[in-house]
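Undergrad: Below: one structure in structure tokens.
Residue numbers (my numbering): 1 to 81.
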């Protein structure tokens, strides 16, 4: 079994960033929604397992999504702040 690739959506001084195991990491976005959408697309596009972790502005974990290989449906583990 391969190790999953991890993507993170986190606040930054300029908006929100998506960072992780991809070539042009990190990517900057003006909104959290835009960053989350891009991260989901990246995670689903990975050839191996992927995991997406979303952080709130205070650094608390807002959610974690596991993406199985080959575009299967994500498994969500979200937590309300």
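Every residue gets a Cβ at the ideal spot worked out from N, C-alpha and C, and that includes glycine.
What you are looking at is a predicted structure, and each value in this text was computed from that prediction instead of being measured.
1. Would residue 59 be called buried (16 or more neighbouring beta carbons within 10 Å of its own) or exposed?
2. Where do the ends of the beta strand (DSSP E) carrying residue 60 lie?
3. Can you say whether residue 40 is buried or exposed, counting buried as having 16 or more other CB atoms within 10 angstroms of its CB?
4. Could you work out which residue in 27, 12, 31 is closest to residue 42 when comparing CA atoms only?
5. Hey, which unbroken runs of the beta strand (DSSP E) at 3 residues or more fall wholly within the segment 10-50?
6. Out of curiosity, what's the CA-to-CA distance linking residue 29 and residue 68?
7. Within 10 angstroms of the Cβ of residue 15, are there 16 or more other Cβ atoms? Answer buried if so, exposed if not.
TA: Based on what the coordinates show:
1. exposed
2. Careful: residue 60 lies outside any beta strand (DSSP E) and carries neither H nor E.
3. buried
4. 27
5. 15-20, 27-29
6. 25 Å
7. exposed
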